[in-house]
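These notes are about the structure you will find just below.
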Amino acid sequence: MLNLRDKVVLISGVGPGLGRSTAATVLENGGKVVLGDLFSDNARIAAAELDPESVNSAHAACDITDRNQCEQLVALARSRFGRLDAMVHVAAHSASVGGLLDGDLDDWETVARTNVKGTLQLTKAAVPLMHESGGGSVVFIGSIAAVHSVAGIPQLVYGMSKAGLVSATHYLARELGPLGIRINTLSPGWKWGAALEEAIGRRASSEGVTVEEYMEPVRQAHPLRRYTNDEEVAHTIAFLVSDLAPSITGQVVYIDGGLTA
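Right under this line is the structure:
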């Protein structure tokens, strides 16, 4: 049985969507959360919605590309709860769309600075406290874009950045394993939610079709004929940070309806 009782989980990127769903799942299973987001209102609103009495949560604005802010977010975990057992990296830059010929390679600097450097920077800031706490679990949020291209939606730069996290997963599993810290990447596929629905709505409208008509070929490409969603991904994250997964490290877990099979 999944039990996160008294585990302190730091989550970056808690706007509406996966970050907030992950926080809700952690709290529902007895854990405590430290919420960080580039926009302070996102962190504040998430905390107010999920833990109105502020008993099991703390929150702060955090730009993961800023080392000082990363250290301050970890310091908040220490001052409020005295420990840190897990981290979930949802914060990411995903606005870059395009291939080699129609995209802007200058986007690489912005995307990689957040998705790769920022993710590693926050992890590095947290390692000492996690080690003091007896070890723990880090979950990078990857994407099937790292290994699977989708016709009509080129994500060259974004996919490259997520591929960087896959490499980091393998290296860090060996480096941090002796400290009792596990590292895994969870890579969703087509994760249906507000952000994807809005993006697909624009594309469908430009082609004069409904969202359902636009997405039907994509749905059919999935062996399970369905997409995942934020809640399903959040439950998988909760498993990876729990004591039910003590030997799982250095792995990339795809939750994509079989699209990459």
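Quick note: the sequence shown uses numbering that gives the first Met the number 0, first residue 0, plus one each step. In this text, a Cβ means the ideal position worked out from N, Cα and C, and glycines have one as well.
Notebook entry, point to check: Should Arg181 and Val232 be called a contact, given that it needs their Cβ atoms to be closer than 9 Å?
Noted result: no
Item checked: Euclidean distance between Cα positions of Glu108 and Thr64 -> Glu108 and Thr64: Cα-Cα distance of roughly 12 Å.
Next item on the list: Identify, in the order they occur along the chain, each residue of the same chain with its Cβ nearer than 7 Å to the Cβ of Met214, setting aside the five sequence neighbours on each side.
Entry: Ile199
Notebook entry, point to check: Which residue comes first and which comes last in the beta strand (DSSP E) that contains Arg181?
Noted result: 180-187
Check: Straight-line CA distance for Arg82 to Thr113?
Finding: Computed Cα separation, rounded: 25 Å.
Check: Roughly how many angstroms separate the alpha carbons of His92 and Val110, rounded to a whole number?
Finding: 5 Å
Next item on the list: Using a threshold of 9 Å, state whether the C-beta atoms of Ile10 and Gly18 are closer than that.
Entry: yes
Checklist line | Sequence-distant residues of the same chain with beta carbon closer than 7 Å to Gly192, five excluded per side | finding: The beta carbon of Gly192 sits closer than 7 Å to the beta carbons of Gly16, Asn228, Asp229 from its chain, once the five residues preceding and following it are set aside; these are given in chain order.
Margin query: DSSP has Met86 in a bridge; who is on the other side?
Written below: Within the DSSP secondary-structure output, Met86 pairs in a beta bridge with Leu9, Val137.
Margin query: Taking DSSP's pairing of strands, which residues face Leu268 in a bridge?
Written below: Because the chain is modelled from 0 through 260, residue 268 falls outside the range shown and cannot be assessed.
Notebook entry, point to check: Which word fits Met129, buried or exposed, when buried means at least 16 other C-beta atoms lie within 10 angstroms of its C-beta?
Noted result: buried
Item checked: For Tyr170, three-class secondary structure by DSSP -> In the structure shown, Tyr170 sits in a helix (DSSP, three-state: H, G or I).
Margin query: For Ala90, which residues in the same chain have their Cβ closer than 6 Å to its Cβ, ignoring the five residues on either side in sequence?
Written below: Contacts found: Ser11, Gly12, Ile63.
Notebook entry, point to check: Would DSSP call Trp97 helix, strand or coil?
Noted result: Note that residue 97 is Gly in the sequence shown here, rather than Trp. In the structure shown, Gly97 sits in a strand (DSSP, three-state: E or B).
Next item on the list: Would you mind sorting Thr118 into buried or exposed? The rule is 16 or more other CB atoms within 10 Å of its CB.
Entry: buried
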